[in-house]
Amino acid sequence: MSRWTKVIGTGGYLPATIRTNDDISNMVDTSDSWIYERTGIKSRRIAGPDETASSMAEVAARQAIDAAGIAAADIDMIVVATGTPERVYPSTACLLQERLGIKQCVGFDIQAACSGSVYGLSIADQYIKTGFAKNVLVVGSEICSRIVDWSDRSTCILFGDGAGAVLLTGSDEPGILSTHIHSDGGYEDLLYCPNPQVAAAAKQHEPAYISMRGNEVFKVAVNTLGRIVDETLAANGLQQSDIDWLVPHQANTRIIAATAKKLGMSMDQVILTLENQGNTSSASVLLAFNEGVRDGRIQRGQTVLMEAFGAGFTWGSVLLRY
Ligand code: UT7
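Here the sequence shown is numbered in this note's numbering, starting from 5 and rising by one per residue.
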């Protein structure tokens, strides 16, 4: 059994097509300035017609495997967080396992909306610490553009496509210090996406798109993320100043700024990707972490706080020594 779970590789993938705020203002009644001021987003990536959650996950996963310097065959568990799987089943994790050519493995998907990667890291940590798994691949992969109503200006400005991956292994050196995950199912009406096939078969003709009461979600998100920061620091006996980097879910710069303020951090200590990625749901935390690691901002030995909030509501944090 390993005392700690350590990050040994990260990866990310963004589709080639860029959709700017100006592009969207040709589709709905909005403007670049409104979107940027209210959200911090300037552009997002849109997956091509041949791309899927598993194809994007594969690119991100291969990068993480290369960075870790292990063979794909050494991975004994794959956890994929996605709200946009190409199949109801097999799971995206099983499709990814096949793409990676791994014969012996455990693979499953999790559904925790935008908190998916934080949930995935928490699950991986439990399995590694109990000795059930040694090398766990956690991926968040989303094609949000396919479940967004491109005639609804209150949601279509926000979301983007992408995949982030992290490879974790058991270690005697400190790695994940704590994870905290929560859900409260009392908020379905504020943020949901129907399953179109199941709804149609049941003759419930709901639009098959993300539906969100953004302003109400915003307020709950700010308060809840403030609480998870307190919970995480208290559980670890740490002060705000002990955190080197905040790697937040990328939903809205104003939400992220509120969490940074709660931590007494400057925005220079926050890995921000949403300006050119938008909200990639379960992929966003791992995409931001990958960016911070690869551009050298996040250094070995530093303390990183990840947090996320999404439909459910679900929310959580991961505190780790990189
Ligand atoms: O990742 C999962 C969790 N999701 C989130 O955390 C998202 C949280 N919510 C948000 O980020 C923000 O609530 C939004 C960016 C979605 C909206 O910003 P807001 O400041 O909360 O705006 P609002 O919904 O209160 O709307 C203000 C006004 C309204 O007009 P009136 O009623 O004041 O005349 C809207 O109709 O802005 C209007 N509006 C827009 N105007 C131009 C809404 N969307 C747009 C738009 N362009 N795209």
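Note that the Cβ used here is the ideal one computed from N, Cα and C, for glycine as well.
Predicted model only: the values in this text are computed from it and were never measured.
Hey, could you find the ends of the alpha helix (DSSP H) S126 is sitting in?
G120 to K133
Compute the Euclidean distance between the alpha carbons of I22 and G218, then round it to the nearest angstrom.
24 Å
By the DSSP assignment, the alpha helix (DSSP H) with P200 in it spans what residues?
P200 to A205
Is any heavy atom in the ligand UT7 found nearer than 6 Å to the beta carbon of S158?
yes
Measure the CB-CB distance between A117 and P89 and report whether it falls below 7 Å.
no
Identity of the residue in M271, L237 and L100 nearest A169 by Cα:
L100
Going by beta carbon distance, what residues of the same chain come within less than 8 Å of M5, once the five residues before and after it are set aside?
Closer than 8 Å at the Cβ level, and outside the excluded window around M5, lie K133, T134, G135 and G174.
Out of F222, T86 and I147, state which residue places its alpha-carbon closest to the alpha-carbon of G164.
Restricting attention to F222, T86 and I147, the CA atom closest to the CA of G164 is found in I147.
Looking at D188: is its Cβ nearer than 7 Å to the Cβ of F317?
yes
Name the residue from Y191, V140 and G300 whose alpha carbon lies nearest to the alpha carbon of W8.
Comparing C-alpha distances from W8 to each of Y191, V140 and G300 shows the shortest one belongs to V140.
Please tell me whether S119 and W249 are closer than 7 Å, where the distance is taken between their beta carbons.
no
Distance, V63 Cα to D33 Cα:
35 Å
Here's a check: name, in chain order, each residue in its chain whose Cβ is nearer than 8 Å to the Cβ of D36, leaving out the five neighbours to either side.
T24, N25, D26, S29 and K46
DSSP beta-bridge partners of E295
Answer by DSSP bridge pairing: none, since E295 is not bridged.
If you run the structure through DSSP and keep just helix, strand and coil, what is K138?
coil
Assign L194 to one of three DSSP states: helix, strand, or coil.
helix
Beta-carbon distances below 7 Å to any heavy atom of the ligand UT7 define the shell here; list its residues in chain order, please.
V32, D33, T34, S35, W38, I39, R42, T43, A117, C118, R157, S158, I161, L162, L195, M216, G218, N219, V221, F222, A225, H253, A255, N256, I259, N283, S285, F313, G314 and A315
Element boundaries [alpha helix (DSSP H), containing E220]:
Judged by DSSP secondary structure, E220 falls within the alpha helix (DSSP H) whose first and last residues are G218 to N240.
Would A71 and G144 qualify as a contact pair, given that the criterion is a beta-carbon distance under 7 Å?
no
Please classify A77 as buried or exposed, where buried requires at least 16 neighbouring CB atoms within 10 angstroms.
The residue is exposed, with fewer than 16 neighbouring Cβ atoms inside 10 Å.
Identify the residues that DSSP records as bridge partners of P252: which are they?
E311
Is M5 helix, strand or coil by DSSP?
coil
Below 8 Å on the Cβ atoms is my guess for L229 versus L323; work out the distance and round it to an integer in Å.
Incorrect: roughly 14 Å between the Cβ atoms, too far for contact.
Would you check if the distance between the CB atom of G44 and the CB atom of L278 is smaller than 7 Å?
yes
Should K207 go down as buried or exposed, given a rule of 16 or more other Cβ atoms within 10 Å for buried?
Under this definition K207 is an exposed residue.
Please classify K265: does DSSP put it in a helix, a strand, or coil?
helix
Among A261, N294 and R301, whose alpha-carbon lies nearest the alpha-carbon of A65?
Checking every option, the nearest Cα to that of A65 belongs to N294.
Nearest CA to the CA of P200: which residue from R103, S126, I151 and R48?
With distances taken between Cα atoms, P200 lies closest to I151.
Between the CA atoms of L195 and M216 - distance to the nearest angstrom
4 Å
Residues that DSSP places opposite K10 in a beta bridge:
In DSSP, K10 forms a bridge with T173.
Which same chain residues, not among the five before or five after G179, have their C-beta less than 7 Å away from its C-beta?
W8, T9, K10, V11, L324 and R325
Identify the residues that DSSP records as bridge partners of A167: which are they?
Y17 and S145
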